[in-house]
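S.K.: The listed protein sequences correspond, in order, to chains A and B. If you read the first sequence in our numbering, its first letter stands for residue 265, the second for the next number, and so on. If you read the second sequence in our numbering, its first letter stands for residue 17, the second for the next number, and so on. Once you've had a glance at the structure underneath, I'll fire off some questions.
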Amino acid sequence: MAKKILIVGGGLGGTIVANGLCRQLREELSSGSVSITMLGASQTHMYQPGLLYVPFGRMRESELFRDQRKVLDRCVPYFVDPATRIDIDKKTVTTTSGKSFSYDFLVLATGSRIRPETIPGLAEGAHWFYDLEGARKMRDALRAFEGGRVVININVPHKCPVAPLEVTFMLRDFLTAKGVLDKSEITYTYPIGRVHSLEPVAHWAAPEFERCGIKSEIFFNTKSVDPKAKTITSEEGTTLGYDLLVTIPPHTGQAVIDQSELGKGGWVPTERNTLLREGSSNVFVVGDTTNLPISKAGSTAHFEADTIIDNLSSLIKEDRWARDYDGKVFCFVETGLNSGTYVWFNYLTPPNPGPPSQLVHWFKLAYNRLYWLSARGLL
Amino acid sequence: MSERIKVDARGAFCPGPLMELIAALKLVEVGDEVEVWSSDKGSATDIPEWVKKVRHELVGIEPRDAYWSIVVRKAK
């Protein structure tokens with residue numbers, strides 16, 4: 265009997281796993297002893313980090329998308345048919361169209377989604393760039409902005425933990441170039457007692473904020489927004505007025521995870537080194553879908569996917585475990601429209617970002633193209 | 017009946033134990049407790065500081081082998 269691998273989710277994590285497994289299991293796929301199937305939600309694959317550049321006119325919408333079937337290895341049948349129920353006991357996944365897919369190994373790669381509507385007034389009052397529609401609206405708002413109070417508001421949990429700083433520095437450069445910075449005031453709100461969760465990054469960013477004239481409000485967890493009065497209020501009791509509100513919205517996982525009772529909030533309890541669902545020996549979890557206490561970011565999904573590829577192909581070919589995931593995360597950090605730095609860390613190694621440079625910024629711009637090689641499992 | 021969920025944030029540099037606590041509190045009911053395990057010594061001060069500011073309830077802090085167990089009850 266052929267061993268069936270089912271991947272639920274067609275984002276970066278699921279796609280790298282699929283393409284990597286195809287390379288590792290080429291002979292088994294050719295002989296029919298293994299099959300790999302993917303269920304996704306869209307015909308297209310979006311380069312999500314590119315959304316950051318859209319409001320500033322630095323990336324075209326057409327640059328963000330590729331046909332998912334062309335990103336995937338031809339060995340992987342791809343169905344645009346999102347899962348509606350995942351039954352771990354019966355080893356089956358039911359889809360929107362009513363089909364049922366059975367599996368021997370399951371990879372959960374359903375990802376996360378923004379939920380601005382979970383905070384009263386936020387969806388009506390704020391701009392964001394975490395989806396295409398939001399990025400378009402924010403681009404229009406920035407084009408029309410002639411100065412005033414800008415609040416950049418960060419909520420928990422969110423993916424891409426460096427994006428809040430990146431959008432802040434890029435917005436400052438944008439307003440400078442537009443000639444309205446002297447008529448503007450930027451205030452950055454953050455949920456904990458420093459301006460970034462990574463302590464060394466916060467130590468670097470706080471004086472940068474001061475140098476750039478960016479104000480910060482720490483310990484600010486959004487309670488509500490009043491879009492008419494143009495105010496935003498925190499659970500800690502602070503209220504700020506704004507003319508332009510940019511938010512990093514709170515995220516949850518996908519509804520199918522909650523509905524299948526696989527994890528509260530759509531996050532699947534996952535063993536931190538094996539990336540197996542807690543209590544399962546044939547269900548792997550990758551990317552934002554895990555409940556692991558590490559960054560929800562494309563690089564996390566990438567490094568996790570590499571581990572899953574090695575382990576799943578080893579289990580199938582040699583019935584043995586290959587290696588553990590060490591918690592590795594790597595993030596570029598854009599520090600303006602012309603400079604950048606990077607940071608990496610894992611479960612044992614703390615982050616230590618270097619000084620920003622134009623070279624790293626250029627490499628990030630190059631990575632905006634190289635992404636498609638990552639998704640194909642070539643980089 | 018109130019519940020207690022555990023968040024193992026040991027070795028979590030980003031988003032870190034306090035961010036994990038804030039996210040976990042969004043998923044539980046008022047009266048439920050979240051127990052955070054943190055290997056960051058700063059958590060023993062920054063978590064109580066935030067809990068006081070936002071008016072949840074600090075149930076306890078306990079040093080263990082190379083980490084802290086911090087229990088918070090959702091109060092609102």
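Ideal Cβ placement from N, Cα and C applies to all residues, glycine included.
How close, in whole Å, do the beta carbons of cysteine 339 of chain A and leucine 293 of chain A come, if the pair is a contact with beta carbons under 8 Å?
M.R.: Going by Cβ atoms, the distance from cysteine 339 of chain A to leucine 293 of chain A rounds to 5 Å, so yes, they are a contact pair.
S.K.: Is the segment 542–562 of chain A touching the segment 387–394 of chain A in the sense that three or more CB pairs, one from each, lie closer than 8 Å?
M.R.: no
S.K.: Would you identify the three-state DSSP class for glycine 76 of chain B, choosing helix, strand or coil?
M.R.: strand
S.K.: Might you give, ordered along the chain, the residues of its own chain that have their beta carbon closer than 7 Å to the beta carbon of tyrosine 317 of chain A, omitting 5 neighbours on each side?
M.R.: Met323
S.K.: Work out the CA separation of glutamate 291 of chain A and valine 52 of chain B for me, nearest whole Å.
M.R.: In this model, valine 52 of chain B and glutamate 291 of chain A are separated by some 46 Å (Cα to Cα).
S.K.: Consider the Cβ of valine 87 of chain B: report whether some Cβ of chain A lies at a distance smaller than 8 Å.
M.R.: no
S.K.: Residues of chain A with CB under 9 Å from tryptophan 66 of chain B, in chain order?
M.R.: Pro455, Ile456, Gly457, Phe483, Asn485 and Glu500, listed in chain order.
S.K.: Applying the 10 Å Cβ sphere with the 16-neighbour rule, what's the burial state of threonine 553 of chain A?
M.R.: buried
S.K.: Any beta carbon of chain B sitting closer than 8 Å to that of glycine 517 of chain A?
M.R.: By this cut-off, glycine 517 of chain A is not an interface position.
S.K.: Ignore the nearest five residues each way along the sequence and tell me which others in leucine 34 of chain B's own chain have a CB closer than 7 Å to its CB.
M.R.: Counting only residues of its own chain and dropping the five nearest sequence neighbours on each side, leucine 34 of chain B has a CB closer than 7 Å to the CB of Ser59, Asp62, Ile63 and Trp66.
S.K.: Within the continuous alpha helix (DSSP H) that includes methionine 265 of chain A, where are the two ends?
M.R.: Per DSSP, methionine 265 of chain A belongs to no alpha helix (DSSP H) and is neither H nor E.
S.K.: For the putative contact between alanine 373 of chain A and glycine 551 of chain A, defined by C-beta atoms under 8 Å, what is the C-beta separation to the nearest angstrom?
M.R.: 6 Å
S.K.: Would proline 79 of chain B pass as an interface residue toward chain A - the criterion being a Cβ-Cβ separation below 8 Å?
M.R.: no
S.K.: So which of A/Phe320, A/Leu315, A/Tyr342 and A/Val431 has the shortest CA-CA distance to phenylalanine 329 of chain A?
M.R.: A/Leu315
S.K.: Tell me, please, which residues DSSP counts as bridged to tyrosine 606 of chain A.
M.R.: DSSP, once it has assigned bridges, lists A/Phe596 as partnering tyrosine 606 of chain A.
S.K.: Chain A beta carbons: is any one of them nearer than 8 Å to that of leucine 34 of chain B?
M.R.: Contact of leucine 34 of chain B with chain A is assigned, a C-beta pair being separated by under 8 Å.
S.K.: Which word fits lysine 92 of chain B, buried or exposed, when buried means at least 16 other C-beta atoms lie within 10 angstroms of its C-beta?
M.R.: By the 10 Å Cβ count, lysine 92 of chain B comes out exposed.
S.K.: Measuring CA to CA, which of B/Val88, B/Arg89, B/His72 and B/Ser54 is closest to arginine 80 of chain B?
M.R.: Minimum Cα-Cα distance from arginine 80 of chain B among the listed residues B/Val88, B/Arg89, B/His72 and B/Ser54 corresponds to B/Ser54.
S.K.: Please determine, among A/Ala427, A/Ala347 and A/Lys267, the residue with the shortest C-alpha to C-alpha distance to threonine 511 of chain A.
M.R.: Ranked by Cα distance from threonine 511 of chain A, the first of A/Ala427, A/Ala347 and A/Lys267 is A/Ala427.
S.K.: Of the residues A/Asp522, A/Arg287, A/Ala305 and A/Ser306, which one's Cα is nearest the Cα of aspartate 337 of chain A?
M.R.: A/Arg287
S.K.: Please specify which runs of the alpha helix (DSSP H), each continuous and at least 4 residues long, are wholly inside the segment 511–551 of chain A, giving them in chain order.
M.R.: 519–523
S.K.: Excluding the 5 residues flanking threonine 503 of chain A on each side, which residues of the same chain have their C-beta closer than 6 Å to its C-beta?
M.R.: Thr495 and Thr497
S.K.: Determine the chain B residues that contact lysine 528 of chain A at a beta-carbon separation under 7 Å, and present them in chain order.
M.R.: Going along chain B in sequence order, the residues near lysine 528 of chain A (Cβ under 7 Å) are Leu43.
S.K.: For valine 459 of chain A versus glycine 411 of chain A, is the C-beta spacing smaller than 8 Å?
M.R.: no
S.K.: Please give me, in chain order, every unbroken run of the beta strand (DSSP E) with length at least 3 that falls completely inside the segment 379–415 of chain A.
M.R.: Segments of the beta strand (DSSP E) lying fully in the segment 379–415 of chain A: there are none.
S.K.: Whole angstroms is fine: what's the gap from tyrosine 635 of chain A's alpha carbon to tyrosine 311 of chain A's?
M.R.: 8 Å
S.K.: Less than 8 Å between the C-beta atoms of serine 306 of chain A and valine 344 of chain A, yes or no?
M.R.: yes
S.K.: Identify the residues that DSSP records as bridge partners of phenylalanine 329 of chain A: which are they?
M.R.: A/Met310
S.K.: Would you mind giving the Cβ-Cβ distance between leucine 508 of chain A and phenylalanine 409 of chain A, rounded to the nearest angstrom? I have them listed as a contact below 8 Å.
M.R.: 6 Å
S.K.: Is the beta carbon of valine 50 of chain B sitting closer than 8 Å to the one on leucine 37 of chain B?
M.R.: yes
S.K.: Here's a check: name, in chain order, each residue in its chain whose Cβ is nearer than 6 Å to the Cβ of glutamate 73 of chain B, leaving out the five neighbours to either side.
M.R.: Arg89 and Ala91
S.K.: Can you tell me whether DSSP reads arginine 587 of chain A as helix, strand or coil?
M.R.: coil
S.K.: Would arginine 541 of chain A and valine 549 of chain A be called neighbours here (beta carbons separated by less than 8 Å)?
M.R.: yes
S.K.: If you run the structure through DSSP and keep just helix, strand and coil, what is arginine 20 of chain B?
M.R.: strand
S.K.: Thinking C-beta only, is proline 421 of chain A closer than 8 Å to lysine 560 of chain A?
M.R.: Yes. Within cutoff.
S.K.: At a CB distance below 9 Å, what residues from the segment 593–609 of chain A approach chain B? Give them in sequence order.
M.R.: Val593, Cys595, Val607 and Phe609
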